[in-house]
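A short write-up of the structure that comes next.
There are 2 protein chains.
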Amino acid sequence: MSLKDIRPHTLSRYLPILDWGRRYDTGALASDLVAAMIVTIMLVPQSLAYALLAGLPPEMGLYASIVPLLAYAIFGTSRVLAVGPVAVVSLMTAASVGNLALQGTGEYILAAITLAFMSGLMLLAMGLFKLGFLANFLSHPVIAGFITATGLLIALSQLKHILGIDASGHTLPDLARSLIEHLPLANLPSIVIGVGATLFLFWVRSGLKPLLLRIGLKPRLADVLAKTGPVAAVALTTLAAWGLHLGDRGVALVGVVPGGLPPLTVPSFDLDLWTSLAGPALLISIIGFVESVSVAQTLAAKRRQRIVPDQELVGLGASNIASAMSGGYPVTGGFARSVVNFDAGAESPAAGAFTAIGITLAALALTPLLFFLPKATLAATIIVAVLSLIDFSILKRSWAYSKADFFAVVTTVLLTLGLGVSIGISAGVLLSVLLYLHKTSRPHIADVGLVPGTQHFRNVKRHKVITDPRVLSLRVDESLYFANARFLENHLFERVVGNAPIKHVVLLCSAINEIDLSALESLEAINHRLASMGVKLHLSEVKGPVLDRLQRSDFLDALSGQVFLSHFEAIEALTEKPGVISAGRPDPAELAS
Amino acid sequence: MSLKDIRPHTLSRYLPILDWGRRYDTGALASDLVAAMIVTIMLVPQSLAYALLAGLPPEMGLYASIVPLLAYAIFGTSRVLAVGPVAVVSLMTAASVGNLALQGTGEYILAAITLAFMSGLMLLAMGLFKLGFLANFLSHPVIAGFITATGLLIALSQLKHILGIDASGHTLPDLARSLIEHLPLANLPSIVIGVGATLFLFWVRSGLKPLLLRIGLKPRLADVLAKTGPVAAVALTTLAAWGLHLGDRGVALVGVVPGGLPPLTVPSFDLDLWTSLAGPALLISIIGFVESVSVAQTLAAKRRQRIVPDQELVGLGASNIASAMSGGYPVTGGFARSVVNFDAGAESPAAGAFTAIGITLAALALTPLLFFLPKATLAATIIVAVLSLIDFSILKRSWAYSKADFFAVVTTVLLTLGLGVSIGISAGVLLSVLLYLHKTSRPHIADVGLVPGTQHFRNVKRHKVITDPRVLSLRVDESLYFANARFLENHLFERVVGNAPIKHVVLLCSAINEIDLSALESLEAINHRLASMGVKLHLSEVKGPVLDRLQRSDFLDALSGQVFLSHFEAIEALTEKPGVISAGRPDPAELAS
Chain A
1 MSLKDIRPHT
11 LSRYLPILDW
21 GRRYDTGALA
31 SDLVAAMIVT
41 IMLVPQSLAY
51 ALLAGLPPEM
61 GLYASIVPLL
71 AYAIFGTSRV
81 LAVGPVAVVS
91 LMTAASVGNL
101 ALQGTGEYIL
111 AAITLAFMSG
121 LMLLAMGLFK
131 LGFLANFLSH
141 PVIAGFITAT
151 GLLIALSQLK
161 HILGIDASGH
171 TLPDLARSLI
181 EHLPLANLPS
191 IVIGVGATLF
201 LFWVRSGLKP
211 LLLRIGLKPR
221 LADVLAKTGP
231 VAAVALTTLA
241 AWGLHLGDRG
251 VALVGVVPGG
261 LPPLTVPSFD
271 LDLWTSLAGP
281 ALLISIIGFV
291 ESVSVAQTLA
301 AKRRQRIVPD
311 QELVGLGASN
321 IASAMSGGYP
331 VTGGFARSVV
341 NFDAGAESPA
351 AGAFTAIGIT
361 LAALALTPLL
371 FFLPKATLAA
381 TIIVAVLSLI
391 DFSILKRSWA
401 YSKADFFAVV
411 TTVLLTLGLG
421 VSIGISAGVL
431 LSVLLYLHKT
441 SRPHIADVGL
451 VPGTQHFRNV
461 KRHKVITDPR
471 VLSLRVDESL
481 YFANARFLEN
491 HLFERVVGNA
501 PIKHVVLLCS
511 AINEIDLSAL
521 ESLEAINHRL
531 ASMGVKLHLS
541 EVKGPVLDRL
551 QRSDFLDALS
561 GQVFLSHFEA
571 IEALTEKPGV
581 ISAGRPDPAE
591 LAS
Chain B
594 MSLKDIRPHT
604 LSRYLPILDW
614 GRRYDTGALA
624 SDLVAAMIVT
634 IMLVPQSLAY
644 ALLAGLPPEM
654 GLYASIVPLL
664 AYAIFGTSRV
674 LAVGPVAVVS
684 LMTAASVGNL
694 ALQGTGEYIL
704 AAITLAFMSG
714 LMLLAMGLFK
724 LGFLANFLSH
734 PVIAGFITAT
744 GLLIALSQLK
754 HILGIDASGH
764 TLPDLARSLI
774 EHLPLANLPS
784 IVIGVGATLF
794 LFWVRSGLKP
804 LLLRIGLKPR
814 LADVLAKTGP
824 VAAVALTTLA
834 AWGLHLGDRG
844 VALVGVVPGG
854 LPPLTVPSFD
864 LDLWTSLAGP
874 ALLISIIGFV
884 ESVSVAQTLA
894 AKRRQRIVPD
904 QELVGLGASN
914 IASAMSGGYP
924 VTGGFARSVV
934 NFDAGAESPA
944 AGAFTAIGIT
954 LAALALTPLL
964 FFLPKATLAA
974 TIIVAVLSLI
984 DFSILKRSWA
994 YSKADFFAVV
1004 TTVLLTLGLG
1014 VSIGISAGVL
1024 LSVLLYLHKT
1034 SRPHIADVGL
1044 VPGTQHFRNV
1054 KRHKVITDPR
1064 VLSLRVDESL
1074 YFANARFLEN
1084 HLFERVVGNA
1094 PIKHVVLLCS
1104 AINEIDLSAL
1114 ESLEAINHRL
1124 ASMGVKLHLS
1134 EVKGPVLDRL
1144 QRSDFLDALS
1154 GQVFLSHFEA
1164 IEALTEKPGV
1174 ISAGRPDPAE
1184 LAS
């Protein structure tokens, strides 16, 4: 294969735009333009709201929805993923940056930009080094618990805007305490606006589309109109705030939003800041990647397209670096907007680029109109958006299916609510790994005997089989590695000590796919100890690759017994004349498990 | 079973002394007394030396060798384990306490006592809650690398006493820098004493016993005399220091060692101190436990006795709490002294109690004689003792056997030397877990086809088999859990997208021992996605317990295909008339792997 053959393929692997761009036509262009318009209408209020949630000036939400979309259109593999600020990542940004600087200061903004830059570098590195598998360590139930707890925290954090009071905190107890403390200062006009907007948005979600259909609109148009709910809420409450001078009655307004193109920004390269943000940046990267890939895969499957997870890392990494360079903050693929993009008929990442142009126009032209927009309205759009994230059914599901999973979910939920997002998700990951290791550290080890009339060996507790008191036949149902090496050692030792007739131990290795160095040393110790008791150790049915590796060590030379091709051969060689010594009764409890 | 029947058994399970104490006779008494005498002679200089290594006053080493031995004799299950201060734990004590207080201050001593107390509580808790499996997460090669690196650090840290200079640091670079800095102040008489004692002790180890045998001594007596080497070195250099006034010539002496019984001490209950010491205490507990249990098991096996790991945790926990209450510091079962105890014929834990009495007598009577003992002599005994710990062969072994293990060892060694013991061992544990998870996160997935003339299905890459382009048959060789759930999803998706003829996917589940909730959700997603592509998902040969659990979820109702008892049944049902579509050639590379 010459270099010429490789180049186009390799380039389009790293720049998917070369692939779909080549086949782009006017049909796709028209579909993408329509989708972009609908997504733009949805994204403008959402971008402002999520910036508010992250504790950042509203224009940063708009900036985060412009250049990152262009970057993803070039490097991403999903045809329909819409990147930008999302609720969970915005809250995680607020929680991690809030520990380092005060909201409203230049340091806070710089830290958020730096967080996006670091997250971008990490995602890019993970993509280039094919480390996408790191995301596998997040178990689904842990993510579900985390998202639910985060949704609750987000909704609670927005109550202050609805109530028109100050409140702070990144955990449930802190937020609740702060809200209760400031409650006496609640502002009635804010509550009217906030609760009104919330109810209106709920009604738009559930009641508007059926109504539009009833009055004879086409389903497609009814769908699009129902998506304009948030824009309508923004327009109505802005008008009300302007006409009724609500700003003078204590309603917090968005105020001056600088218009214009996204600025060129540079992250901080302060080592202390990088050290403090490294952990949060990694968590945000992984959470963002997992969410984004799930959405992208679900949507791609519907059209029998494929996405490349490692290239998705590159796409998201480029988006975050672009965000950091253009006045934004951490972004990822959003669920709601991607579904809207998909439903609106987007055919290629060009739809994202057109959306970016739409939001640029909004940033250029609409910002003066946002002066009178009440923050309570934005809070209402956030609350309505995140309530769909909150889903405690995972508790019921995991309780019914697996207690270990349930335990991991409950811990994640409680620690996220009680101690914050970083500790919550870290504990969830750690716990699921520990529970898994614990499970594999106690493998099932069965005593086996010969099924009469066959060459098969089965568990003595479940079948009538022939055994010999001088030969202990054990089948280990797990690969041997450091976490269960000692378990096997103890198990064998307990079985042999005080069991005087035993002269041979045969390990049936058919289920052992690997023996690591720890397990090898355990086998050496077992061999040595058994020898010092006058008992020989044999192996049977060792798989080819495992035997290859054992031959590279000196274990087989030191082995007191032999390696048999089949367990039947082993028993034939070690037993003079096997008789029915123990015809085990099937134990009902064992059979059921 | 009445309460009366249970009580003696339960009590002697938690108090093994009730078990062996009942059968104790004069034969055992005589053996234990002899063993105790020999171990006492060995332990006195060693205890002083390890206290020096831990940065503590020498008498604390003696105290740590008295009451803890009595506690172990009551609660421990090993007949011959000798607990007390050991090299690795002493260094870990110095490293963790040295971060919090200055050597020689009361705070330093109090922190060491508190560390022993916390470690005791942790061991006790791990024992009572049966958490001994936590020690399994230390892979053998990681421990070997850690012990080697620690041995090097210990030897290097003692050079300052040999050179008669000050030096500090808990990492290789710090220690080396500090030693080089102070080198010009090296004290010649100290060097003569230190190097002389080191050479003498090496000679005692290797040359004295053959010499004694040659001049006609009985092997047993020659053995005992060879063990008195350190005591002889102590006596000779103390005499030299006294006679030649070496203290005036700059040789550091042990000085005043308060005589008398161990004092009653109380650990600190300062919350900040506990927070700082929690991590080190856990590491010391686990390292100490792993070392101790390995020694105990090795020796017990030789006499076909057994030890109970969870009860060992209780024994070591009680010993450490006893140490904290009687002026000692963290202790564990030592390798060298246990072997000596065993070889000298100890028959029961009473030997340990007699050793405690011997060391008490030494603490009462001999402390005035220690005034002139040069620190260089103690340093020499440490260096000679730890050089046997240093064994780089693990690097060669792991390189030959498994690159993943090699990588974990090298990381542990380098980080222990470069950044200290806590970081080194933590990184080793973390890395071995991550490498294992990485391995299981990419399970072997084989395309299988029917072996002609049988009902068996085999890998298409290794056997001539019959397949059908409309049916994708896959065998997954690993339990499905969160770390590989997404891998299966991606693998399946890649196989089906762009492969138009496929109408059915059948997963052969014979090697799947478990499906956790994450994997269940992946299967649901796979089922859903395949359905949206018009492809049906089927399962075959699902194990009973796995199927039981699936039935508790609603997966089977949603499954687009069926669950078949055997894979043969599945293929028969899904294929109209199977023909030889692909007769795969065995691929040499695949066969070898």
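Chains as they are written, first to last, in this note's numbering: chain A, 1 to 593; chain B, 594 to 1186.
Beta carbons are placed, not taken as given, at the ideal position from N, Cα and C, and that holds for glycine.
- For Lys-218 (chain A), the secondary structure class from DSSP, reduced to helix, strand or coil, is coil.
- Between Ile-382 (chain A) and Pro-262 (chain A), the gap from beta carbon to beta carbon reaches 8 Å or more.
- With the criterion set as a beta carbon lying under 8 Å from some beta carbon of chain B, the members of the stretch 302 to 328 of chain A are Lys-302, Arg-304, Gln-305, Arg-306 and Pro-309, in sequence order.
- Scanning A:Thr-332, A:Val-542, A:Pro-58 and A:Val-496 for the CA closest to the CA of Arg-529 (chain A) turns up A:Val-496.
- When only Cα atoms are considered, Gly-428 (chain A) and Val-409 (chain A) end up about 7 Å apart.
- Contacts with chain B (Cβ-Cβ distance below 7 Å) from the stretch 137 to 148 of chain A involve Phe-137, Ser-139, His-140 and Pro-141, listed in chain order.
- Taking all protein chains in view, the Cβ of Leu-857 (chain B) is surrounded by fewer than 16 other Cβ atoms within 10 Å, so the residue is classified as exposed.
- Nearest CB-CB separation between Ser-995 (chain B) and chain A: below the 8 Å threshold.
- A Cβ of chain B is located within less than 8 Å of the beta carbon of Ser-518 (chain A).
- Comparing C-alpha distances from Leu-253 (chain A) to each of A:Leu-239, A:Val-266 and A:Gly-260 shows the shortest one belongs to A:Leu-239.
- Interface with chain A (8 Å Cβ-Cβ cutoff): Ala-1076 (chain B) is included.
- Secondary-structure assignment with DSSP links His-538 (chain A) through a beta bridge to A:Val-506.
- The beta-carbon separation of His-567 (chain A) and Val-506 (chain A), rounded to 7 Å, stays under the 8 Å limit for a contact.
- Thr-1009 (chain B) places its beta carbon 8 Å or farther from that of Ala-657 (chain B).
- At a C-beta separation below 8 Å, Phe-1086 (chain B) has these neighbours in chain A: Gln-297, Ala-301 and Arg-306.
- Judged by DSSP in its simplified three-state form, Asp-391 (chain A) adopts coil rather than helix or strand.
- Distance from the CA of Gly-327 (chain A) to the CA of Gly-104 (chain A), rounded to the nearest whole angstrom, comes to 15 Å.
- In this structure, the straight-line span from the alpha carbon of Pro-16 (chain A) to that of Ile-74 (chain A) is close to 7 Å.
- Closest option to Leu-1116 (chain B), judged by alpha-carbon separation, among B:Ser-1153, B:Asp-1141 and B:Ala-1093: B:Ser-1153.
- Per the coordinates, the alpha-carbon of Ile-502 (chain A) lies some 9 Å from the alpha-carbon of Asp-468 (chain A).
- Under the Cβ distance rule, His-1031 (chain B) counts among the residues neighbouring chain A, one pair being separated by less than 8 Å.
- Membership of Phe-457 (chain A) in the beta strand (DSSP E) is indicated by the continuous run 457 to 459.
- In the DSSP assignment, Arg-1068 (chain B) falls within the unbroken beta strand (DSSP E) covering 1064 to 1069.
- A Cβ-Cβ separation of about 6 Å places Asn-913 (chain B) in contact with Val-924 (chain B) under the 8 Å criterion.
- For Ile-445 (chain A), there is no enclosing alpha helix (DSSP H); the enclosing beta strand (DSSP E) covers residues 445 to 450.
- Counting along the chain, the unbroken alpha helix (DSSP H) around Gly-872 (chain B) starts and ends at 864 to 895.
- Of the residues A:Thr-355, A:Val-251 and A:Leu-213, the one whose Cα lies closest to the Cα of Arg-337 (chain A) is A:Thr-355.
- Distance from the CA of Ile-983 (chain B) to the CA of Ala-937 (chain B), rounded to the nearest whole angstrom, comes to 26 Å.
- Per DSSP, the beta bridge partners of Phe-1157 (chain B) are B:Ser-1133.
- Ala-30 (chain A) counts as exposed, since fewer than 16 other beta carbons sit within 10 angstroms of its beta carbon.
- Against chain A, the beta carbon of Glu-1114 (chain B) has neighbours under 7 Å at His-140, listed in chain order.
- Gly-84 (chain A) is bridged by DSSP to A:Thr-332.
- With respect to the 8 Å criterion, Pro-141 (chain A) and Leu-1110 (chain B) are classified as neighbours on the basis of their beta carbons.
- With a 10 Å radius around the Cβ and a threshold of 16 neighbouring Cβ atoms, Lys-820 (chain B) comes out buried.
- Around the CB of Lys-375 (chain A), 16 or more other CB atoms lie within 10 Å, so the residue is classed as buried.
- In this structure, Val-39 (chain A) sits near Ala-82 (chain A), with a CB-CB distance shorter than 8 Å.
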